Amino acid sequence: MAASESSRSKKVVYAAVLGNLMVAVTKLTAALLTGSSSMLSESAHSLVDTGNETLLLYGYYRSRLRPDEAHPLGYGRELYFWSFVVALLLFALGAGISVYEGITHIAAPSRIENITVNYVVLALSAVFEGASWWIALIAFRSVKGELSYWDAIRSSKDPPSFMVLLEDTAALIGLCIAALGIFLADRLENPALDGVASILIGSILAAMAIILARENKELLIGERAHEAISSSILALAASQPGVEGANGALTVHLAPDQIVVTLSLEFADDLRTPELEQCVEALEHRIRAKHPEVVSLFVKPQTARTFQSARKARFARSLSR
Numbered sequence: 001m002a003a004s005e006s007s008r009s010k011k012v013v014y015a016a017v018l019g020n021l022m023v024a025v026t027k028l029t030a031a032l033l034t035g036s037s038s039m040l041s042e043s044a045h046s047l048v049d050t051g052n053e054t055l056l057l058y059g060y061y062r063s064r065l066r067p068d069e070a071h072p073l074g075y076g077r078e079l080y081f082w083s084f085v086v087a088l089l090l091f092a093l094g095a096g097i098s099v100y101e102g103i104t105h106i107a108a109p110s111r112i113e114n115i116t117v118n119y120v121v122l123a124l125s126a127v128f129e130g131a132s133w134w135i136a137l138i139a140f141r142s143v144k145g146e147l148s149y150w151d152a153i154r155s156s157k158d159p160p161s162f163m164v165l166l167e168d169t170a171a172l173i174g175l176c177i178a179a180l181g182i183f184l185a186d187r188l189e190n191p192a193l194d195g196v197a198s199i200l201i202g203s204i205l206a207a208m209a210i211i212l213a214r215e216n217k218e219l220l221i222g223e224r225a226h227e228a229i230s231s232s233i234l235a236l237a238a239s240q241p242g243v244e245g246a247n248g249a250l251t252v253h254l255a256p257d258q259i260v261v262t263l264s265l266e267f268a269d270d271l272r273t274p275e276l277e278q279c280v281e282a283l284e285h286r287i288r289a290k291h292p293e294v295v296s297l298f299v300k301p302q303t304a305r306t307f308q309s310a311r312k313a314r315f316a317r318s319l320s321r
C-alpha cells in the first residue's frame with residue numbers, strides 16, 4: 001500500500017474517534033436518564049470503540065519510528081500488534097460488557113423511563129455513526145478495486161482501513177437492535193426484552209472481534225506482499241544488466257507501506273566484486289524508485305537449481321498440499 005493510502009486510512013480513524021466519542025457521550029447520557037440496558041450496552045460499545053481507535057492511532061505513530069540497533073527492521077509491526085489488541089478488547093470489553101448487562105437486566109428487569117429520550121439518542125447516534133461509516137466505506141472502496149468486500153478485507157495489509165468499517169457496521173446494526181429492543185420492551189411491557197437486545201448486540205460484537213483477531217493474527221505473523229508487487233520486482237531484477245536470472249522473491253509486510261524483500265538472483269559469471277556491488281546498488285535504486293514501500297532489500301546470489309532446491313526444502317509441507 002502506498003503512503004497516500006495509509007494517510008487516507010489514518011484520516012478515517014480520526015473521523016471514527018470523533019464520531020464514536022460523540023456517540024458514546026450521547027448514549028451514556030440517555031442510559032443514565034432512562035435506565036435502558038441496551039442503551040448502556042451501546043454506550044459501552046462506543047466507549048470501547050473510541051479507545052480502540054485511539055490505540056490504532058498510537059499504533060500508526062509507533063510504526064513510523066525509525067529503525068535502531070535493537071529493532072534493525074523498524075517498528076512497522078507495532079501497527080499490527082495494536083490492531084490485534086483492539087480486536088481482543090472489542091471481544092473482552094465491548095462484547096463482554098454488553099452480554100453481562102443483558103443477563104443482569106433479564107435477571108432483574110426494570111421499566112425503561114423517558115423512552116422518547118432513547119429514540120432521540122438512537123437517531124443522533126445513527127447520524128454520527130453513519131457519517132463515520134460512510135467515510136470509512138468511501139476510503140475502503142477507493143483501494144479495494146474489483147475485489148469483493150470480503151476478499152478485499154482478507155487481502156488487505158492495512159488493518160485500520162477495514163477495522164473501522166467493520167466496527168461501524170456492527171455499531172449501526174447494534175443501534176437497530178437496541179431500538180427494536182426498547183420498542184418491544186415498551187409495547188409488550190416486558191423489560192427483559194431490552195436485556196435480550198443487549199445480549200444480541202454483544203454476540204454481534206464477539207463475532208466481529210473474532211473476524212478482526214483472525215485477520216490481524218495473519219498480518220502479525222507475517223504475510224507476503226501481493227503477487228503483483230513480487231512480479232514487478234522480479235521483472236525489474238531480470239532486466240538489470242549483469243543479472244542472468246531472477247529466480248524468485250521472498251516478501252513480507254512489516255506495515256501497510258513497509259515491505260522487506262529477499263531476492264534470489266543468478267549473476268553473470270564474469271562479474272567482479274566491485275561490478276557485482278554496482279549491479280546490486282543500481283537494482284536497489286530502481287526497485288525503490290518504483291516501489292518506495294520496499295524498506296529493506298536483501299540479495300542472495302544463487303543458481304536457479306539451488307534456489308528451487310532451497311525453496312522445496314523450506315516450503316515442503318505447503319507445497320505437498
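Residue 1 is where the sequence shown starts when you use full-length UniProt numbering, and the numbers rise one by one after that.
Yeah, the Cβ is synthetic: ideal placement off N, Cα and C, and Gly gets one too.
This structure is a prediction, so every number in the text was calculated from the model and none was measured.
Starting from residue i, trace the alpha helix (DSSP H) in both directions and tell me its first and last residue.
i	result
residue 89	78–89
residue 305	304–314
residue 285	273–290
residue 141	115–144
residue 154	149–155
residue 97	96–107
residue 232	227–238
Could you work out which residue in the options is closest to residue i when comparing CA atoms only?
i	options	result
residue 116	224, 46, 179 and 261	179
residue 34	87, 73 and 113	113
residue 272	205, 292, 263 and 243	243
residue 31	161, 308 and 125	125
residue 93	132, 78, 49 and 60	49
residue 218	53, 176 and 83	83
residue 326	102, 54 and 44	Nothing can be reported for residue 326, as the shown portion of the chain is limited to 1 through 321.
residue 123	47, 224, 173 and 91	173
residue 241	276, 152, 228 and 106	276
residue 168	296, 52, 245 and 157	52
residue 196	280, 100, 259 and 57	100
residue 258	291, 304, 152 and 131	291
residue 203	171, 72, 312 and 22	171
Would you kindly check if the distance between the Cβ of residue j and the Cβ of residue i is under 8 angstroms?
i	j	result
residue 286	residue 212	no
residue 341	residue 254	Because the chain in this structure spans residues 1 to 321, residue 341 falls outside the shown range and cannot be described.
residue 201	residue 41	yes
residue 79	residue 159	yes
residue 302	residue 247	yes
residue 67	residue 59	no
residue 245	residue 266	yes
How would you label residue i, buried or exposed, when you count the other beta carbons within 10 angstroms and need 16 or more for buried?
i	result
residue 2	In this prediction, residue 2 scores a pLDDT of 49, lower than 50, which makes its location untrustworthy; no coordinate-derived value is stated.
residue 222	exposed
residue 233	buried
residue 105	buried
residue 133	buried
residue 256	buried
residue 14	exposed
Where do the ends of the beta strand (DSSP E) carrying residue i lie?
i	result
residue 190	Here residue 190 belongs to no beta strand (DSSP E), and DSSP marks it neither H nor E.
residue 296	294–301
residue 245	243–255
residue 258	258–267
By how many angstroms is the C-alpha of residue j removed from the C-alpha of residue i?
i	j	result
residue 146	residue 283	32 angstroms
residue 319	residue 307	In this prediction, residue 319 has a pLDDT of 49, which is less than 50 and means its spatial position is unreliable; what the coordinates show is noted afterwards. Going by the C-alpha atoms only, they are around 15 angstroms apart.
residue 165	residue 24	18 angstroms
residue 12	residue 135	6 angstroms
residue 28	residue 39	7 angstroms
residue 316	residue 46	46 angstroms
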